[in-house]
Amino acid sequence: MRLSRYFMPILREAPREAEIVSHRLMLRAGMLRQEAAGIYAFLPMGLRVLNKINAIVREEQNRSGAIELLMPTIQSADLWRESGRYDAYGKEMLRIKDRHEREMLYGPTNEEMITEIFRAYVRSYKDLPLNLYHIQWKFRDEVRPRFGLMRGREFLMKDAYSFDVDQAGAQHSYNKMFVAYLRTFARMGLKSIPMRADTGPIGGNLSHEFIILAQTGESEVFCHKDYLDMAVPGEDVNFDDVDGLQKIVGQWTSRYAATSDMHEAAEFAKVPADAQVSARGIEVGHIFYFGTKYSEPMKAVVATGAGGDVPVHMGSYGIGPSRLVAAIIEASHDDAGIVWPEPVAPFKIALLNLKQGDAATNGACEELYRGFAAKGLDVLYDDTDKGAGAKFNTADLIGLPYQVMVGPRGLAEGKVEVKKRADGSKELMSPAAALDLLTK
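Spelled out as structure tokens, the structure:
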């Protein structure tokens, strides 16, 4: 993509209402625009990151055996009355009426709807286990939306819902999502720590939040430092291995780790002082097992081999892709701007023509641009007529993993300069060597 033809409205200064790093940097980098309190438009650069995140989420959900569908944003109030949550949910739920005065709502979550879909089609225990997921926009009318995407009113969510005939099966489904989440966040360059958490309005008695540590985190969290070095399961993990998955989950829950809501000071004090980690954290995922909380009142039952019907055991598993865009920035930035982990970067390479209009630099950049494209690499080519300093600042701000700088002085020696954004290291090499390096 040529920057001269791209839509990336860079701001010199962030608006004063941007209180945290991710909000400031996304606004400055032209990634999003606020349309109303807590409601944002994703501009092209932001959407590219969001799509990269969605792709990783989908791959890991599919790997675990979950099946994708898509549910509507608008739901009938009658479904929520069946579960008993319509009147209990609170003002966060946006309640509306259609032209026929039927009560509707803009879904803040989808437990009721997925249960209704399940009960319409599944009759036998032979059809279980089943895990259905979707990636869909939600709306929760936060009393005080703030911090950009970290606490917005409209947000994108991946919701998965598992259905099992008994508690043992439901535990295995929970373990599948537990491991899938570890892999998902690791692939995004994040170290996530599963922590015991409150179930909140979702309900149930088993829940973990997946937390990444960041100085600008929204809440205080407590854990054993061993979590910072635990190995995440590889892509060859067998999600059908009941004992194997339980062993992995057992390892990742064997040390103290709790959010502030579940923190027990006396238990944390038993952790050796040099292993205690007390830090700020950002929630990037939340999983729940809630048994028959929804299936019993909504009569989502299956026939068993022994005769008779039993309500299914359910769990729900959420990841907020739009929130993750902000969370990754909170965990990966410096004074100059964003530092994107390569798997979620909007582009891999910033190609900087340091003297636009010069025949040599123009020619070298065009050759590199075509070469990178031929190798399937995402490149943002800064072919604008701005000065070198402005181009350096923009490249650092948007945080692409690599910068390839092409200037007359280097080309006179047959060299271009390659900078790695994460550590600032630079190396002079031939254009062909740069192409080989970044292709690898």
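Sequential numbering of the sequence shown, starting at 342, is according to this note's numbering.
All C-beta atoms in this analysis are idealised placements derived from N, C-alpha and C, irrespective of residue type, glycine included.
As the structure is a prediction and not an experimental result, all values here were calculated from the model.
What does Met454 pair with, by DSSP beta-bridge criteria?
-> In the DSSP output, where bridge partners are listed per residue, Met454 has none listed.
Can you grab the Cα-Cα spacing for the pair Asp724 / Phe713, in whole Å?
-> Cα to Cα, the separation comes out at about 15 Å.
For Ala620 and Ala407, the rounded distance between their alpha carbons = Between the C-alpha atoms of Ala407 and Ala620 there is a straight-line separation of about 33 Å.
What are the boundary residues of the beta strand (DSSP E) that Asn734 is part of?
-> No beta strand (DSSP E) holds Asn734; the alpha helix (DSSP H) holding it covers 729 to 739.
Helix, strand or coil for Thr600 per DSSP?
-> strand
Output the distance between the C-alpha atoms of Gly698 and Ile670, rounded to the nearest integer angstrom.
-> Rounded to whole angstroms, Gly698 to Ile670 spans 35 Å at the Cα level.
Residue range of the alpha helix (DSSP H) that Phe519 falls in?
-> 508 to 528
Compute the Euclidean distance between the alpha carbons of Ala370 and Lys689, then round it to the nearest angstrom.
-> 16 Å
Beta-carbon gap between Val618 and Cys564 smaller than 8 Å | In contact: Val618 and Cys564 (Cβ atoms closer than 8 Å).
How long is the line joining the alpha carbons of Ala667 and Ala647, rounded to whole angstroms?
-> 50 Å
Within its chain, find whatever has a CB closer than 6 Å to the CB of Lys716; leave out the 5 residues flanking it on each side and keep chain order.
-> Once the five neighbours on either side are set aside, the close Cβ partners of Lys716 are Thr780.
Bridge-paired residues (DSSP) for Met498 = Answer is Gln477, bridged to Met498.
For Cys564: DSSP bridge partner residues | Ala598, Val618
Using 10 angstroms around the beta-carbon of Glu495, count the other beta-carbons present and answer buried if the total reaches 16, otherwise exposed.
-> buried
Extent of the continuous alpha helix (DSSP H) to which Tyr635 belongs = From DSSP, Tyr635 is part of no alpha helix (DSSP H); its letter is neither H nor E.
Could you give the residue range of the beta strand (DSSP E) that holds Ala377?
-> Residues 373 to 377.
Quick one: which unbroken beta strand (DSSP E) runs of 3-plus residues sit fully inside the stretch 344 to 410? Chain order, please.
-> 373 to 377, 380 to 383
What do you reckon, are the CB atoms on Trp681 and Leu738 nearer than 8 Å?
-> no
What are the partner residues of Tyr722, as DSSP defines its beta bridges?
-> Arg343, Leu692
Whole-Å CB distance - Ala598 paired with Tyr568, under 8 Å assumed = Taking C-beta atoms under 8 Å as the contact rule, Ala598 and Tyr568 qualify, at a distance of about 6 Å.
Out of curiosity, what's the CA-to-CA distance linking Val651 and Ala644?
-> 7 Å
If you count every other CB in all the chains shown that lies within 10 Å of the CB of Ile380, and 16 or more means buried, which is it?
-> exposed
Sequence-distant residues of its chain with Cβ nearer than 6 Å to His513 (five each side left out) | Val583, listed in sequence order.
Is there contact here, the stretch 446 to 457 with the stretch 484 to 491, by at least three beta-carbon pairs under 8 Å?
-> no
Nearest candidate by alpha-carbon position, reference Gln556, set Leu776, Ile361, Ser417 = Each of Leu776, Ile361, Ser417 was checked against the Cα of Gln556, and the nearest Cα belongs to Ile361.
Taking the continuous beta strand (DSSP E) assigned at Asp650, which residues delimit it?
-> 650 to 652
Alpha carbon to alpha carbon, how far is Lys634 from Gly544? Give it in angstroms, no decimals.
-> Per-residue confidence for Gly544 stands at a pLDDT of 49, beneath the threshold of 50, marking its modelled position as unreliable; no derived number is given.
Looking only at its own chain, which residues have a Cβ that is under 6 Å from the Cβ of Glu768, when we skip the five neighbours before and after it?
-> Excluding sequence neighbours, Glu768 sits near Val759.
Quick one: give me the first and last residue of the beta strand (DSSP E) that Leu446 is part of.
-> 444 to 447
If you count every other CB in all the chains shown that lies within 10 Å of the CB of Asp602, and 16 or more means buried, which is it?
-> exposed
Looking at the structure shown, is Ala644 part of a helix, part of a strand, or coil, going by DSSP?
-> strand
Taking Met518 and Ser405 to be in contact with their CB atoms under 8 Å, please state how far apart those CB atoms are, rounded to whole angstroms.
-> 7 Å
For Ala616 and Ile437, the rounded distance between their alpha carbons | 51 Å
Extent of the continuous alpha helix (DSSP H) run through Arg750 | 749 to 752
Looking at C-beta atoms only, is the number of pairs between the stretch 500 to 509 and the stretch 470 to 483 that lie closer than 8 Å three or more?
-> The stretch 500 to 509 vs the stretch 470 to 483: in contact.
Roughly how many whole angstroms lie between the Cα atoms of Val757 and Ser533?
-> 37 Å
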